[in-house]
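Protein chains in written order, with this note's numbering: chain A, 1 to 321; chain B, 1001 to 1321; chain C, 2001 to 2321; chain D, 3001 to 3321; chain E, 4001 to 4321; chain F, 5001 to 5321.
All residues carry an ideal CB built from backbone N, CA and C; glycine is no exception.
Right, here's the structure in full:
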């Protein structure tokens, strides 16, 4: 457990999740080539933190970059994108890489991302040191996005959430889980949870997708996810939470009917894509009951928000669909 | 006649309609459960004002809430949505309620709203005290929105404006009028006015819909309405005015070619839906020639604007399509 | 009861509904001006039959024409469209008329059709002799199609089925019922039945609409209707049946999961619109347990089919969704 | 090797593939419940043939049925759909089943089909006797169609072609290959071949999908496939061939620029979906150089066509894109 | 003037245009490589006729082929597409060629067609002998189709009708005229006539396009054209006529409200694209008052129809919009 | 050469193009009737500058207005739109005018704009004094936008860039060049450059269009252009540069892979259309190596940016696709 970034809840705030007062923590022009930096992943590493960042360059090409930080807030991001070496396969085509997630399992840091292979699908790679990276077989056929690994094997197998999609700005999307004995072949696909009927919870009625690596709590897996509603002027992305059964994570125990955090401040409402709150990573300290959620804002910058894990779990139980 | 909210026109302003300097008057988080409060209706009531407010909660479920105010600006809104009792029918399904209008006719306050009955249609209810509410039969078959009653019977019958639509973010929409002898059965449907050819007045070329309850002037009924243009990045809602024949309100005498108020300040341009000015209610003082128009801004907050009735009428006549 | 058109079921046929061997009974060029004649209505009249026919002319303008027949099969159709006189209203705009239904109630023959009034809605008219016709107020606001009257008042009021739609080739559509004390004002709108989930009964999963005038049986109202499925090459229209509660016809007692008749012969599969079976009228003889269903085929010609009422009712009960 | 169905090429015919003169071999009403029978698979079995047939019933629900034939032309199809028992998994949801393929590998007959699991994906099952069937895990996440197994392991692994799609009438589609060590977990996904640029070969420019089980020839795997062009009046499906590298079947050696068989006779041009030729199975006799291709016609019936394997291979080489 | 193909009007026929009894005159497989032959042009040549034919090959690549005939009905079509030499420009890209028109002006036969240059536009070429062909500059920027030359200069300039479109199955389209002093530079673009409002003449309400070379009559230019209506199952193409002012052909004097010939027989209703009648050429004999119109049927074959010029002109005047 | 507007690059800025610190230079309400002023053109004139401005009025009708400035920053814009006199043609219809460009060639100032003639096309006019304006024939058939003249004849002919489009918010668009001997007839159309594959340079992957008048440099013509990407919430417009061959300007020598300036400040991100940077004019001083680019921001205001010509050229060469 680390000294994760933290700010106490503001005095006049009753929200379960609150924003960091110095947001955004990473600006769109944080590295020389970037047009925008958002939807990125961080993990504890050494005596600080490491991360994999989505930096779209000024040609608006999407790629992932490694970075390091002492405090989880101030980040050194490499000016060059990650160069992959071959992992469990011959090197395969990768037209683009975006929306990474990172997690340590057993002996190494596993990275998943949206990989451009004749359309978006889930790329898998690993690193031991965030300097040398190895690319493995894609997990699935296209078209897929938001591949998120569980932080440990479940029933002896690796488990991954993902959201099958189409080859455009997909207007639908549900969360599935798949299992693998070896990080190479995947199967036992199950639907975990679906977008909601508009009347029940409109903010998550168009599509949903897993966000940070799920966190094991005494109630089960806490899964922070994004939900999307289609307004007459486009998509609006907000953040919610669900609790999945520990040993059968395709079983949803609870799921927030209200969102936890929605676009309401300028860096979330204005940018390359308006009205986007997109969580991709979280740092947690179970002992101190703290959660720091990193999220992309307006597809332009990286922002940070905080919450108490116990409160989020309690809120999810009490406000479940 | 009341002391309606008022601010004189700013010195350097030549506009027919001007904004309240302390806008928005109701913030998106005005009540604990709300994600947004907008498109709402107010009327004089007792020695102050009462209103019916559209408050979408944080699950983005749409519902209507009652509220009271001494000055028409500072509002106490109930934290629970209106619970309807049966009016002239067995209670019917109501998946959602939004965009209310309110008017006193004869002995009670009639409320209309967009009611979710297998899609949007026009719900009707009444109250005597804004505490107890009674729900009647829907006026029309789906799909319909923006049902607005006239403040008195016309030729012995209730009269209602509405905008037939489809079951989505309707890309068309004209204003019709219908009549009823009893607020239960409706007929004599007539087209009042249609969206304009793009070249004639683009801001109202996609769809139009009635806003506040029409106001009887010596020129006829003053109908404030919204118009929509489709830009390459979505809809843009602005506000105009028309004068309808007093005894044959399906006859349009005058109609503004220019808009009266369009999205141009941040709370109108930024929010859950960008670039929306959507009038739903107005308080008027004929003697003092004052009009206070309440409008939803960016589908997120309630704002207030002012004008002199005589100037609006004159402008409509002089700038008519 | 009349000698309605009839042919016994062919020997090798096990179907509940079978086709007339001399179909189509009315060809597309049956009158000099016509491009197509289809979706038409007939009733017993005098010692024979009268009808109202949809004849699209060679400019493909849609209008309705009266006709007479001794045997219900060979028809004399007027070469000029019906000229309406004013009924219960000033004459209203009618850009086009199509898909008529006819029924005798109390003292006259009532006709409903899809009437072009700023888009499709339900026109109402009446005649005593099929020579002089009177046009009344439209029943509803646009957009609506397939308005079908019940053959007698229900609970003291006229009752009409209809299918709210949009202003194009509507890709959705459910059946509603509305009531009127006077054939002028309509209300008490209720949803009767909806298009089905694709997996349950695909042939009626896109939209549905009432066909002939419902027939009162000892099980309730027998409503023949059309259902539509969207294939990758367009819509396909077939015919089914439902039984509605006699005094509460918004209550569906039974409804066919399989279709009764689908496009399978050349005059149904080929024409101006491929793969259309669209029932609009039926002649019945309760004593002889006979039903003769008239349907438009491929939006081009009029065809005839037969069935035993008791068998249809039984089949509907036994194969209900 | 069997006495597969066969007819010599007609005298005046120069085509590589020709139709059976008695087509269609299975009519839409071949079993009592069926609306249509098409896109079906056959294999040699015992001293005759067995098959798995797509029969849509008159509710237009899609399911698969077993059948047997002595000569491959006259078929006894079970009147009830196949009831699956659990194979390598707990029984999973299957909203519908369609477009089966069948092949004997090692010790049993494997069946793949389009399985409805929250959208279309590839179902897998097996049988030893075409009486008792066992359903396994779906191969992939939705959305996918046209899963076709190779008839033997390649490099020690099962291999399957498939066409990732979306959840509707997908307007795109390329052929991929995936591998599995155990028929349960799949990976090593590779793109095999894509729809063509319109100018190069329009008939296969919208989407393509594998058809019968590939046949090993001395030039490599002969893969018969369907291609689709989008006309202004919908999709048109035709049949082509490709030769894949024997040990690296993601490598395309040759691929027909012209189609081999396109919709040109009435049972292919008229039916529930016009202009469809959709091959799903083939019987071959290498010694006699004969191929009998079964194909769905107009999504309504099953038809048969013939060709000499050597000629097809030669034509593919000489007319390759 | 020639002995153009001719058949008298059948006895029981009252139509202005009637079909050749031996239609289609050119089958889809008329040459070995062809998938379909349609939308083609013919002219008097030598003691017989010559033509330029659209033959799509079995890869469904579109190209134009020359052909000759003694009687205008039996055609020898070259088995290889026309190879162009450079005319008034360096050879330009031509991804495809389709829908040719041909006319003799001054000293040579000019050919126009839809030319694939980064999308469809109007290609121009000429020949003296139908053996050697020369390709000139495209007349216009993309996107355009149905370029049709007038048979002589008007006010000293070449004149061409065309239909600006988009890069797909364009759902709109009006007829324009442009002028050129030299067949290289074009200008003075004027709108000639537009698709009609649906209510006025639905068959030509989606798009229209010029067909054969206009014919000068004593009333002005007789322009045969196609019109398109959008049914729920796709486009339907029919044929009409207009009379243009002789010296100001952007002035429409008369235009048929009804169509002259619509898809109503099997070779027009069934084929690669259903329900298409598409005129591209006409042979006329003014003295004998005969017109022979060649048209593509169902985008599959070439058919022939006949009419008396005086009757067509008279009908157009009497049935004008 | 003039004293064009100028501000040195800010100290901490490394960008090739930088914004004027007092942007926007022209506000949306700069003249009494305007709703927005943007996408406008300026040229040196007399001892100052003249311009043609797109001012949409409050009916959101699009028109062009003349204006004058001493310093190129503070502008007097006429309160009435330009009234055209006849140039080289009878006066033609002009439903609207927008997005003007202006350039002096030989003896006069030529103006091009998007002219509403049955849809958008390229209007041409000229003036000698910016008081009296003459309208000529449209250059092309509809549909077209972004017509930009070269500042001198090329190979003896006028040359114009343009972007063929469709009649709506066109989702595609490439840059073409056309030539004219006389500003009346146009031909020799060539494709210059196309939108890019998404993976190569996403910001210009939907459509592109020429901006200011090209500037001749020692490397060829410097063409500033806009590119558009389609996000899930609409279009985003940014600015890039290309170098065209001096005597064959359809040959692209270099083209920026990264954008030069994208929407990143509030007046570019918020307005009637969010996220628009749209260059329409530039003033240059070759000796001082200065370029001042005028651009419309958010379809609402006019903004100004600066760069050194040599740096832009160098950047384009070094960062070319």
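Cβ of residue i within 8 angstroms of any chain D Cβ
i	result
residue 4117 of chain E	no
residue 341 of chain A	Limits of chain A in this structure are 1 at one end and 321 at the other, which puts residue 341 of chain A out of reach.
CB of residue i within 8 angstroms of CB of residue j, strictly
i	j	result
residue 2112 of chain C	residue 2141 of chain C	no
residue 5214 of chain F	residue 5261 of chain F	no
residue 3130 of chain D	residue 3045 of chain D	yes
residue 3072 of chain D	residue 3297 of chain D	no
residue 5247 of chain F	residue 5105 of chain F	no
residue 4211 of chain E	residue 4195 of chain E	no
Option nearest residue i by Cα separation, candidates the options
i	options	result
residue 1197 of chain B	F:5251, F:5061, F:5265	F:5061
residue 4282 of chain E	E:4295, E:4271, E:4275, E:4273	E:4295
residue 4047 of chain E	E:4242, E:4031, E:4068	E:4068
residue 2276 of chain C	C:2094, C:2212, C:2265	C:2265
residue 145 of chain A	A:30, A:312, A:77, A:116	A:116
residue 2238 of chain C	C:2225, C:2250, C:2187	C:2225
residue 39 of chain A	A:311, A:301, A:78, A:259	A:301
residue 1252 of chain B	B:1102, B:1078, B:1317, B:1287	B:1317
residue 1114 of chain B	B:1100, B:1307, B:1291	B:1100
Neighbour flag for residue i against chain E, beta carbons, 8 angstroms
i	result
residue 5053 of chain F	no
residue 5142 of chain F	yes
residue 3234 of chain D	yes
Closer than 8 angstroms to chain F by CB, residue i
i	result
residue 4240 of chain E	no
Minimum Cβ-Cβ distance from residue i to chain C less than 8 angstroms
i	result
residue 3169 of chain D	yes
residue 1207 of chain B	no
C-beta neighbour in chain A for residue i, strict 8 angstroms
i	result
residue 1083 of chain B	no
residue 5173 of chain F	no
residue 5110 of chain F	no
Neighbour flag for residue i against chain H, beta carbons, 8 angstroms
i	result
residue 5010 of chain F	Reference to chain H is not applicable here, since the protein chains of this structure are A, B, C, D, E and F.
Check: Should the segment 3120-3136 of chain D be called in touch with the segment 3080-3098 of chain D, which here means at least 3 C-beta pairs below 8 angstroms?
Finding: yes
Next item on the list: Kindly provide the ranges of any beta strand (DSSP E) runs that are 3 or more residues long and lie completely inside the segment 5103-5187 of chain F, ordered along the chain.
Entry: 5108-5116, 5120-5127, 5133-5135, 5144-5149, 5158-5164, 5175-5180
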